[in-house]
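Student:
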Amino acid sequence: MLLDSIKTQLDALSKSEKKVAMAVLKNPDLAVSGNITALAKNAQVSEPTVVRFCRALGYDGWHEFKLKLAQTLALALPQADESPLQDDLAADLVNKICSRSINTLLDLRNNLQPAAIEKALDVLARSTKIEFWGQGTSGIVAADAQHKFFRSGVHTVAYADPHIHAISAALLTKGDAVVAISQRGNSTALLHSVQLARKVGADVIALTPSGTPLAEEATVLVPIDLSFNIDPYTPISARLAHLVVIDILAVGLALKRGPEFRKKMQNAQKALQKLDMQFDSFLRHPPKL
Numbered sequence: 115m116l117l118d119s120i121k122t123q124l125d126a127l128s129k130s131e132k133k134v135a136m137a138v139l140k141n142p143d144l145a146v147s148g149n150i151t152a153l154a155k156n157a158q159v160s161e162p163t164v165v166r167f168c169r170a171l172g173y174d175g176w177h178e179f180k181l182k183l184a185q186t187l188a189l190a191l192p193q194a195d196e197s198p199l200q201d202d203l204a205a206d207l208v209n210k211i212c213s214r215s216i217n218t219l220l221d222l223r224n225n226l227q228p229a230a231i232e233k234a235l236d237v238l239a240r241s242t243k244i245e246f247w248g249q250g251t252s253g254i255v256a257a258d259a260q261h262k263f264f265r266s267g268v269h270t271v272a273y274a275d276p277h278i279h280a281i282s283a284a285l286l287t288k289g290d291a292v293v294a295i296s297q298r299g300n301s302t303a304l305l306h307s308v309q310l311a312r313k314v315g316a317d318v319i320a321l322t323p324s325g326t327p328l329a330e331e332a333t334v335l336v337p338i339d340l341s342f343n344i345d346p347y348t349p350i351s352a353r354l355a356h357l358v359v360i361d362i363l364a365v366g367l368a369l370k371r372g373p374e375f376r377k378k379m380q381n382a383q384k385a386l387q388k389l390d391m392q393f394d395s396f397l398r399h400p401p402k403l
């Protein structure tokens, strides 16, 4: 959500802007109910500093930021304890895991920047080749992305091995694009590959939190700002958010490339359906030996 995004960008703010951030984080409801003068007074800064704070987060000014904060607070579900416990019943697990996933998607919808998506789509639309890179659970997202884009007729590959995407990075050329996926944005190996890709002229779209080292290296940043804690189940929700962003980019690219491109997707779907029908027929009527 927006509050988590503010937390992740604290280090990038100036000293006075950080005062505004802390005032918002301490009492977001007060920031929404009051005006810019009240927030400036509460943070002990000037009103222009509040405006600079809003713009540092990517908003045009105070009113746009306040509207986004109000939407975030209004749409957020009650923050009950969603951590699975040893003695939880199946009903508890259903409620907690589903609530966590819903909250994650609400956070994503409230904070995902359409302008960033549009920039990423512009890069993907003009690319001659698209590579998806990730490691660990992000490697799973990269593989899913490759599958979705491949079915659309786009030349794509996915690499989860840091040695392989480092080699691939050196072989890229201008006009190629990389989608680098990371839940934390601080993988040394992934950063090395991204830097190699940028050096040879390839574009890099980063799906990662704002203010991270990977975000700084990207041609286009699609910020995915989620709260992290020591709960080992947190990556489940984070992976869900990344998968949804991949879906948005895949559908957006298909629409951007027009009817002929979408026809390729339909042909791929028909081929799969035909294969499924043939396999089903084989199972129903196996050949006699």
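Heads up, the final residue of the sequence shown is numbered 403 in our numbering, and it's a clean run with no missing numbers.
Just so it is clear, CB atoms sit at the ideal spot from N, CA and C, and this is done for glycine as well.
Determine the closest residue to Pro276 out of Thr186, His306 and His399, with distance taken between C-alpha atoms.
Tutor: The residue with the shortest Cα to Cα distance from Pro276 is His306.
Student: Between the segment 323 to 330 and the segment 260 to 278, are three or more C-beta pairs nearer than 8 angstroms?
Tutor: The segment 323 to 330 vs the segment 260 to 278: no contact.
Student: Could you tell me if Leu207 is buried or exposed, where buried requires 16 or more neighbouring beta carbons within 10 angstroms of its beta carbon?
Tutor: Classification of Leu207: exposed, given that the 10 Å Cβ count is below 16.
Student: Below 7 angstroms between beta carbons: does that hold for Ala320 and Leu340?
Tutor: The answer is no: Cβ separation not under 7 angstroms.
Student: Going by beta carbon distance, what residues of the same chain come within less than 8 angstroms of Gln185, once the five residues before and after it are set aside?
Tutor: Excluding positions up to five away in sequence, the list reads Asn224.
Student: Give the straight-line distance between the Cα atoms of Ala355 and Gln392, rounded to the nearest whole angstrom.
Tutor: Taking the straight line from one Cα to the other gives about 35 angstroms.
Student: Within 10 angstroms of its Cβ, does Gln297 collect 16 or more other Cβ (buried), or is it exposed?
Tutor: Gln297 should be labelled buried.
Student: When DSSP labels each residue in this structure, what does Ile338 get in the three-state scheme?
Tutor: In the structure shown, Ile338 sits in coil (DSSP, three-state: anything other than H, G, I, E or B).
Student: Suppose the cutoff is 7 angstroms on Cβ atoms and the five residues either side in sequence are ignored; what does the same chain contact list for Phe263 look like?
Tutor: Excluding residues within five positions, the ones whose Cβ falls inside 7 angstroms are Ile244, Thr270 and Ala364.
Student: First and last residue of the beta strand (DSSP E) that includes Asp143?
Tutor: Not the beta strand (DSSP E): Asp143 falls in the alpha helix (DSSP H), residues Pro142 to Ser147.
Student: Can the beta-carbon of Lys357 be found less than 7 angstroms from the beta-carbon of Val292?
Tutor: Note that residue 357 is Leu in the sequence shown, not Lys. No. Outside cutoff.
Student: Gly172: which of Leu235, Ala229 and Ala204 sits nearest, CA to CA?
Tutor: Comparing Cα-Cα distances from Gly172 to each of Leu235, Ala229 and Ala204, the minimum goes to Ala229.
Student: Given this structure, state the Cα-to-Cα distance separating Asp317 from Asp290, to the nearest angstrom.
Tutor: Roughly 6 angstroms between the two C-alpha positions.
Student: Quick one: is the Cβ of Lys129 within less than 6 angstroms of any heavy atom of the ligand GDP?
Tutor: For the ligand GDP, the structure offers nothing, since it holds no ligand at all.
Student: With DSSP run on the structure shown, which of helix, strand or coil describes Thr322?
Tutor: Thr322 falls in the strand class under three-state DSSP.
Student: Output yes or no for whether 7 angstroms exceeds the beta carbon distance between Gly299 and Ala274.
Tutor: Not in contact: Gly299 and Ala274 (Cβ atoms no closer than 7 angstroms).
Student: Going along the chain, which residues of its own chain have a beta-carbon closer than 7 angstroms to the beta-carbon of Ala352, five neighbours each way excluded?
Tutor: So the list reads Gln297 and Leu340, once near-sequence residues are dropped.
Student: Determine whether the beta carbon atoms of Ala157 and Glu131 lie at a separation below 7 angstroms.
Tutor: No.
Student: Unbroken beta strand (DSSP E) runs of length 3 or more, entirely within the segment 267 to 294: which are they?
Tutor: List check, beta strand (DSSP E) in window: 270 to 273.
Student: How is the beta strand (DSSP E) around Lys243 delimited, first residue to last?
Tutor: Lys243 -> beta strand (DSSP E) spans Lys243 to Trp247.
Student: Select from Pro142, Gly315, Ala234 and Lys388 the residue whose C-alpha is nearest the C-alpha of Leu285.
Tutor: Of Pro142, Gly315, Ala234 and Lys388, the residue nearest in Cα terms is Gly315.
Student: Where does Ser282 land, buried or exposed, given buried means 16+ other C-beta within 10 angstroms?
Tutor: Ser282 is buried by the Cβ-count criterion.
Student: Measure the C-alpha to C-alpha separation of Ser395 and Lys402 and round it to an integer number of angstroms.
Tutor: Approximately 14 angstroms, taken between the alpha carbons.
Student: Buried or exposed: which applies to Cys168, given that a residue is buried once 16 or more other Cβ atoms fall within 10 Å of its Cβ?
Tutor: Buried is the call here.
Student: Can you tell me whether Thr287 is buried or exposed? The criterion is at least 16 other CB atoms within 10 Å of its CB, across all chains shown.
Tutor: The residue in question, Thr287, is exposed, as its Cβ has fewer than 16 Cβ neighbours within 10 Å.
Student: Pick helix, strand or coil for Asp317, following the three-state DSSP scheme.
Tutor: It is a strand residue.
Student: If you reduce the DSSP assignment to three classes, tell me which class Ser119 lands in.
Tutor: Note: Ser119 maps to helix in three-state DSSP.
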